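Each step along the sequence shown adds one to the number in my numbering, with nothing skipped, and position 196 is 227. Where a beta carbon is used, it is the ideal one built from N, C-alpha and C, also for glycine. None of these values were measured; they are calculated from a predicted model.
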Amino acid sequence: MAETMISKPIPDSRYFFDRYISPNKRYAAEAMRPRIVDFELTSKCGGACTYCYASSPYFKGADMPTEQALAVIDDLAEMGVSQVQWCGGDPILHPDWQEIIGYAGEKGLANSVFVAGIVAPRVAQALADTPNIHLVGINFDTVDEEDFMLTHTLERVQGMKYKAFENLRNAGFHPSRIMPCLTLTKPAARSIERTLDFLVDEMGAGYVPMFVYHPIGEGGATELTPSLDDIRRAYAYRAEKLGQHWLRVGPTECGRFYCRSKFHVTWDGRVLPCAVLYDFEVGNVNRKPLREILESQSKQLCYDFEVTGECATCDDADVCWGCRANAYFYKG
32 MAETMISKPI
42 PDSRYFFDRY
52 ISPNKRYAAE
62 AMRPRIVDFE
72 LTSKCGGACT
82 YCYASSPYFK
92 GADMPTEQAL
102 AVIDDLAEMG
112 VSQVQWCGGD
122 PILHPDWQEI
132 IGYAGEKGLA
142 NSVFVAGIVA
152 PRVAQALADT
162 PNIHLVGINF
172 DTVDEEDFML
182 THTLERVQGM
192 KYKAFENLRN
202 AGFHPSRIMP
212 CLTLTKPAAR
222 SIERTLDFLV
232 DEMGAGYVPM
242 FVYHPIGEGG
252 ATELTPSLDD
262 IRRAYAYRAE
272 KLGQHWLRVG
282 PTECGRFYCR
292 SKFHVTWDGR
302 VLPCAVLYDF
312 EVGNVNRKPL
322 REILESQSKQ
332 LCYDFEVTGE
342 CATCDDADVC
352 WGCRANAYFY
362 KG
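As structure tokens, then:
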């Protein structure tokens, strides 16, 4: 089943956009019943990024205990969550990642695994063999070597990311199921056109998520913040490559319904409404079962509030409402 899924091409980038605004996402948002979770298994990472919102140590850190991760998965399945996005830290650095993600697949959860980009052939094959993995995301910011080193501490990591694409394809992943994920810093914006050309035209990416840099964690350097012109240019060029519909959600990236139908669990058990909103913890699975946290904190997790300002009157407010993290970090 896994081989059939990962080798099947995703039609085009419109597929992802339509999933973001699907009737199921609309219902989940309005009913405040999350369907998606970002789940950290570990704080360890080998990406060597200087902008890391999670401040992940380079190949050091701590893991969520396997038993606890399995218990959280049981809660997710019971609550009707349908998709897990394994993030990090790098999930494949957890010693039991295959057991944990495989268990989620056995429980009927769809899995997307987002890695730093260091994927050896044996790991690529393990990802291909794990049940119900739909895609693998790879952090990939720029093709430019100088721009890369402005936001990373190790030059060799860039070459490893290219090799990761190759290893995943050799393991059976269709190119459209290898998702390059880009953090839009000022250095990355300088070479964004060349980067998108490479990812779409040469690597065959069906969609390239671009997340505007937030000054949080180790990434507190304001000189990495892209200008508004940088952001407009980047998203306009992506729309040229992948479709004008992406301009409807802009730097929100996922639209209002997807945003309201997901939440985040950190490696140490904190429950957040968004991966980068570390100041908005609503509970911890070490102290209270996840289902109880969601029942009592659903309004905060699902953003049950009235949007004001320019986002409220935007022509695209039917599918987008801005980004809470952008508003928090850049507007206070």
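{"Asked": "Assigned secondary structure, Asn201 (DSSP; H/G/I helix, E/B strand, else coil)", "Found": "helix"}
{"Asked": "Trp298, DSSP secondary structure in three states", "Found": "coil"}
{"Asked": "Contained alpha helix (DSSP H) runs [length at least 4] in the region 137-222, N- to C-terminal order", "Found": "152-160, 176-180, 187-201, 217-221"}
{"Asked": "Supposed close pair Glu130, Pro162 - CB separation, criterion 8 Å", "Found": "Contact doesn't hold; Cβ gap of about 11 Å is too wide."}
{"Asked": "Sub-9 Å separation of Gly168 and Pro240 beta-carbons", "Found": "yes"}
{"Asked": "Span of the beta strand (DSSP E), counted from its first residue to its last, around Met241", "Found": "241-243"}
{"Asked": "Distance, Lys319 Cα to Gly274 Cα", "Found": "43 Å"}
{"Asked": "Residues of its chain near Ala343, where Cβ-Cβ distance is below 6 Å and the 5 sequence neighbours each way are ignored", "Found": "none"}
{"Asked": "Cutoff 7 Å; reference Gly235; Cβ partners in own chain excluding five residues on either side", "Found": "Pro206, Ser207"}
{"Asked": "Residue nearest to Gln116 in terms of C-alpha spacing, selected from Val174, Asn142, Thr97", "Found": "Asn142"}
{"Asked": "Per DSSP, the bridge partner or partners of Phe70", "Found": "Trp117, Val296"}
{"Asked": "N-terminal and C-terminal residue of the alpha helix (DSSP H) that Val103 is part of", "Found": "97-110"}
{"Asked": "Outcome for Lys330 when other beta-carbon atoms lying within 10 angstroms are tallied against a minimum of 16", "Found": "exposed"}
{"Asked": "Buried versus exposed, by CB contacts within 10 Å (16 or more), Ala358", "Found": "exposed"}
{"Asked": "Cβ-based neighbour list, Asp178, same chain, cut-off 7 Å, excluding 5 preceding and 5 following", "Found": "Pro218, Ala219, Arg221, Ser222"}
{"Asked": "Sequence-distant residues of the same chain with beta carbon closer than 6 Å to Cys333, five excluded per side", "Found": "Met63, Arg291"}
{"Asked": "Outcome for Val302 when other beta-carbon atoms lying within 10 angstroms are tallied against a minimum of 16", "Found": "buried"}
{"Asked": "DSSP state of Ile247 mapped onto helix, strand, coil", "Found": "strand"}
{"Asked": "The region 190-209 in contact with the region 35-46 per 3-pair CB rule at 8 Å", "Found": "yes"}
{"Asked": "Presumed contact (8 Å Cβ cut-off) between Arg66 and Val112, rounded CB distance", "Found": "6 Å"}
{"Asked": "Identified DSSP bridge partners for Asn315", "Found": "Arg301"}
{"Asked": "Cβ neighbour criterion (16 or more within 10 Å) applied to Pro54", "Found": "exposed"}
{"Asked": "Per DSSP, the bridge partner or partners of Asp94", "Found": "Thr73"}
{"Asked": "Helix, strand or coil at Cys345 [DSSP, three-state]", "Found": "coil"}
{"Asked": "Spatial neighbours of Asp261 in its chain, beta-carbon cut-off 7 Å, leaving aside the 5 residues before and after", "Found": "Lys217, Ala220"}
{"Asked": "Three CB pairs or more closer than 8 Å across the region 263-283 and the region 93-103", "Found": "no"}
{"Asked": "Chain-order list of residues whose beta-carbon lies under 8 Å from that of Asn201 (same chain, five-residue window excluded)", "Found": "Pro152, Ala155"}
{"Asked": "Cβ pair Leu124, Lys192 closer than 9 Å", "Found": "no"}
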